[in-house]
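Here the sequence shown is numbered in the working numbering, starting from 158 and rising by one per residue.
Idealized CB from N, CA, C, for every residue including glycine.
Just so you know, these numbers come straight off a predicted model, no measurement behind them.
Read the structure below first, then the notes.
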Amino acid sequence: METKMLRWTAGVTRMDRIRKDAIQQKFGVVPIADKMREARLRCSKRCHSAEHGVILSASSVLCAFCTFLSMQSSEDVGKFAFKAHPKQFQEASHWYFTRLRASAILFTAESVLQLIVLSVLYLGIQCRYRSFAQLPQKPEIVMRGGNLFA
């Protein structure tokens, strides 16, 4: 029944001797085995979505914590640099550079965590939907005659 409807929509009859596979490929019809595999994957997506959610929330919390720590350390360094005299600044240069190094490490960790968040989001979207390259193209309509009654 499905092939009949596809032939009718494309304007092709059985006399044209066009294979069923070619018509199905034009319309992007998926074979039954692929549909069954997709149904099995859809059932297991709940587990994947829970894993994605846990990873996403954990990395988001860690990213927020890194942001908080880096803001706190930059505030300490800024207050010190604003209120200190040059002699005090030279004496405490080791402390200052240690704080700067720690803030650089925190910013690096924050950017890595943001990359993890983005990759987890992308994986979740990719698992849920097909990519645009896999979408079927618009089917071509077969026009045989110049008018409808020919």
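Inter-residue spacing [alpha-carbon to alpha-carbon] between residue i and residue j
i	j	result
Ile273	Arg256	26 Å
Trp252	Glu208	41 Å
Ala179	Trp165	14 Å
Leu219	Arg176	57 Å
Phe306	Gln181	Unreliable positioning characterises Phe306 in this predicted model, as indicated by a pLDDT of 46, which lies under 50. A coordinate reading is not provided.
Lys244	Phe254	16 Å
Val234	Ala221	20 Å
Phe239	Ser268	28 Å
Leu213	Val186	35 Å
Glu159	Leu278	37 Å
Test item: CB-CB of residue i and residue j under 7 Å
i	j	result
Leu263	Leu226	yes
Ser231	Ser260	yes
Close Cβ partners of residue i (< 7 Å) along its chain, the five nearest in sequence each way excluded
i	result
Ala266	Cys223
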